[in-house]
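K.L.:
For any residue, its number in our numbering is found by taking its place in the sequence shown, counting from 1, and adding 27.
Ideal Cβ positions, reconstructed from N, Cα and C, are used throughout, including at glycine.
Here it is: the structure, laid out below.
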Amino acid sequence: PPAPARKLAPAGDARRWEYRARDGKVYGPYPTQTVLDWQAAGYFAGDGGAPMREYVDAPPPKNAGDELAGDLEDSDDDAAPADHNTNRWQHSDDIDFTGDGVESPLP
C-alpha cells in the first residue's frame with residue numbers, strides 16, 4: 028500500500044514547540060514541521076506522546092547596569108529563574124499541529 032501523504036505545517040507557520048521528557052527535562056524549541064515528521068515516524072503519538080506546549084521567546088534581558096545593580100543589592104543565593112512561558116502543557120495527541128481543526132490522530 029502507498030505511504031500516507033506527508034502532513035505539512037500551514038504555510039508560513041512560525042510556531043515552535045517544546046516538550047517535557049519523562050525525566051522532567053524540557054527540550055526545544057522545534058518547528059511545527061519537525062514535530063509532524065516525528066509523529067509520522069511514530070514519535071510523540073499514542074503511548075509515546077509527551078507533554079508539549081508552544082514555545083515563547085524569553086523576554087529581552089535587562090540592561091547590564093540594572094542587572095549588575097540587582098546582583099550587588101541581593102545575595103548570591105538567587106532562586107532559579109521563573110518559567111517565562113505561561114502556555115499550558117498539553118498531551119501531544121491533543122494539539123492541532125496542522126491547523127485543520129483536527130487533533131493529531133493516534134497512529
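In whole angstroms, give me the CA-to-CA distance for Lys34 and Lys52.
P.N.:
Straight-line Cα distance between these residues: approximately 28 Å.
K.L.:
Going by DSSP in three states, Trp65 sits in which element: helix, strand or coil?
P.N.:
In this structure, Trp65 counts as helix in the three-state DSSP scheme.
K.L.:
Considering only DSSP beta bridges, list what Tyr46 is partnered with.
P.N.:
DSSP lists Tyr54 and Met79 as partners of Tyr46.
K.L.:
Taking the alpha-carbon positions, what's the Pro29 to Asn112 distance?
P.N.:
Cα to Cα, Pro29 sits roughly 41 Å from Asn112.
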